[in-house]
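First up is the structure itself, then whatever we jot down about it.
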Amino acid sequence: ERQFRNRLRDLQLSSDTVEERKRDLGRAMENLNRFLSLGGFIALLLGAIGIASAIHVHVKQKTASVAVLRCLGCSVGQTFAIYLLQAMALGIVGALAGCAVGLAVQYAMPLVIADFLPFPVEMEMAWGPIAGAVGAGLAVCLIFALLPLLSLRSISPLAVLRSFYEPRSPWRDPAYLLILIAGAAGLLFLARSQAGRWSYALGLAGGLAVAFLLLTLAAQSLRAILRKIISPGWPFILRQGMANLYRPQNRTLLLLLSLGLGVFLVLTLYRTNQILSSGLLPKDKSEQPNAALFDIQIDQLAGVTEILEQQDLPLIQSVPLITMRLASIKGESVQDLLRNRSRDVPRWVLRREFRSTYRDSIDSSETLVKGAWPPEKREDGIIPVSVEEEIAGDLGVDLGDRFVFNVQGVLFTNEVAALRAVDWKRIQPNFFVVFPTGVLEDAPGFHILTTRVPSREVSAAMQRAVVQAFPNVSVIDLTLVLDTIDEILGKVTFVIQFMALFTVATGIIVLIASVLTGRYQRIQETILLRTLGASRQQVHRILVSEYLLLGLLSGLTGVVLAEGGAWALARFLFEAQFEMAFAPMFIAVGSVTALTIITGLAANRGVLDSPPLEIIRGTA
């Protein structure tokens, strides 16, 4: 293959292989595979967050039971093994149940995409991947369960006598650090298996590490700030709700980490879904052209436009096109550049016939990279132009550089005033070089018109009318091609949205579980407040103020991290265009705040409705 490429290069010819075409046409499918892998990885992480939160609260609630077992003679290892076996049993049941649900979805999916596939799909059990999925789920469960379970080893028999016994910090336990390292390594290898490259895996792991550190910093900063700003003159309810976030045995860090990471992961997946879906399908199909008319001479433009108007067809684009060739680049003629083999300018760029247009705006398929467009008017005869960034790299020009075009015998000296990124996949006229208006209007050229035909019958009638009046005009009907592409990409989009919805549902469950894990601590606090004379309404408002602050900070931090994650994924993994979306941000912050308040109040409803003595007897 290399020999043929060298030969073609000597002949100044270019080539495309079947593999290159397959790679270009399969970008949507490749992004689908990456998205599904990302969705699975995020769903697994959400499950891990839920496991860690649940086990942490379970350990807190069983402190007295563990202390009793120690008093009865159980060793540290025996006590730890009892609760580890419980976590393993739950992990096995959960992994098998998740595998069963996944198999059900796998068997249902071919029914959804049957019309898309040109061949029947035969389903069969693949026991290797099933065993791998169960093993991965069980491994994640054990790793994230071991971290909170290790605190059981530090519970002393003295905890039976002390209701608020605090075990020593887990960071002093070497096993804690070893499990953290093993867990990080396991997640890194899992990310590698899902992403396909170590660079992507390291990027995902690095992003998660940054998110974890920022959320931890946000939680610590919140507690430090609240300690400083709370004033005795503030209302008691507000002071008590804010003080709960830094009181002894507070769970601010754990809740903020679980809620913030949940928001970050779910919103990142949702925003990635938005980015990929908007890139696959047009935002408004009614504005997508599916027919193009070529070689329309300037004196024929009004007549062709009138035919489209008579048949009630929209004129989506009217693009002038003028042919030209390069004469020199930065003072060096094209002939000298062709003779100089040491220059890096591709030969096809120097020999090609450029087809350029003129306008004073950026098209919908373009993004301004450098400079400004439209340019300022010049009095020295130099014509400012906009150049596509990749062809500018081939020519070796940047802003301010000059080159000369031979426009059918007339030389135009041009200066690069702007660089554009062009989405060449968009079915519309795109150009390497764009001139400003007021320069090429009198140059010989022709026009391209694009329109949208609602049916094949209307398209045939339009083509007959155009060919009868103007035989030189060519019409290309892309209806069948675009309908096929839309159908394929519609199926791909459906799969992406289904996976995103599934993961979002998982994330909501984890968020609810994270708030519910604080119920045990809230019961103890509520008992004390009710015993001291606080009314039901006062306790209710204290809880609202506390959960309001937690939900707002978690949502805001998660949203900021999610936008950064979506940008990084769009740029480096999916190679898609990123656009800020403010509506999902506000919805996410509002939803998480409301969900945190509602779930927190619902979890404490029984405590609020019962008298203090009854609560004390029930928890004794």
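For the sequence shown, our numbering gives the first residue as 58, with consecutive numbering after it. Ideal placement from N, C-alpha and C gives every residue a C-beta, glycine not left out.
Under the three-state reduction of DSSP, Ser122 is assigned to helix. If you compare the alpha carbons of Leu658, Pro441, Phe98, Arg628 with that of Val323, the shortest gap goes to Phe98. If you draw a straight line from the Cα of Glu472 to the Cα of Val617, it is about 40 Å long. Boundaries of the beta strand (DSSP E) harbouring Arg477: 467 to 479, taken from the DSSP string. Runs of alpha helix (DSSP H) with 4 or more residues, each lying fully within the stretch 481 to 529, are found at 513 to 526, listed in chain order.
Residues of the same chain with a CB within less than 6 Å of the CB of Phe321, apart from the 5 flanking positions on each side, are Ala268, Gly615, Leu618, Ala619 in chain order. Going by DSSP, Arg280 is part of the alpha helix (DSSP H) stretching over 255 to 286. Looking at the DSSP output, Gly428 sits in a beta bridge with Ala475. The stretch 233 to 240 makes no contact with the stretch 138 to 158: fewer than 3 CB pairs, one atom from each, lie closer than 8 Å. Ranked by how close their Cα comes to the Cα of Phe462, the residues Gly608, Arg280, Ile379 have Ile379 in first place. Note on geometry: alpha-carbon atoms of Thr650 and Leu600 lie some 13 Å from one another.
Taking the C-beta atoms as reference points, Leu370 is found nearer than 8 Å to Thr508. For Gly317, the CB contacts under 6 Å within the same chain, skipping 5 residues up- and downstream, are Leu272, Ser611, Thr614, Gly615 in chain order. In the displayed model, Met637 falls within coil according to three-state DSSP, outside both helix and strand. The criterion of a C-beta distance shorter than 8 Å is satisfied by Ala152 and Gly194. When Arg396, Ala281, Pro292, Thr414 are compared, the shortest CA-CA separation from Arg408 is found for Arg396. For Ser418, no beta strand (DSSP E) encloses it, and the DSSP letter there is neither H nor E. The closest CA to that of Glu433, considering only Thr414, Asp420, Gly495, is found on Gly495. Judged by beta-carbon spacing, Tyr257 lies beyond the 8 Å limit of Arg280, meaning their Cβ atoms are not closer than that value. CA-to-CA, the gap between Pro501 and Leu358 works out to about 14 Å. Ser211 carries a helical assignment under DSSP once its states are collapsed to helix, strand and coil. Separation of Asp401 and Phe639 (C-alpha to C-alpha, rounded to the nearest whole angstrom) is 44 Å.
In terms of Cβ geometry, Met299 and Leu606 form a close pair [threshold 8 Å]. Taken through DSSP and simplified to helix, strand or coil, Ser602 comes out as helix. If you look at Val442, you'll find it isn't in any alpha helix (DSSP H); it sits in the beta strand (DSSP E) that goes 440 to 445.
Taking the CA atoms as reference points, Asn301 sits about 55 Å from Asp420. It is roughly 19 Å from the alpha-carbon of Ile373 to the alpha-carbon of Ala518. By the neighbour-count definition (other C-beta atoms within 10 Å, threshold 16), Ser592 is an exposed residue. When Thr656, Leu350, Phe635, Ser602 are compared, the shortest CA-CA separation from Ile533 is found for Leu350.
Ala627 counts as buried, since no fewer than 16 other beta carbons sit within 10 angstroms of its beta carbon. Secondary-structure assignment with DSSP links Met381 through a beta bridge to Phe411.
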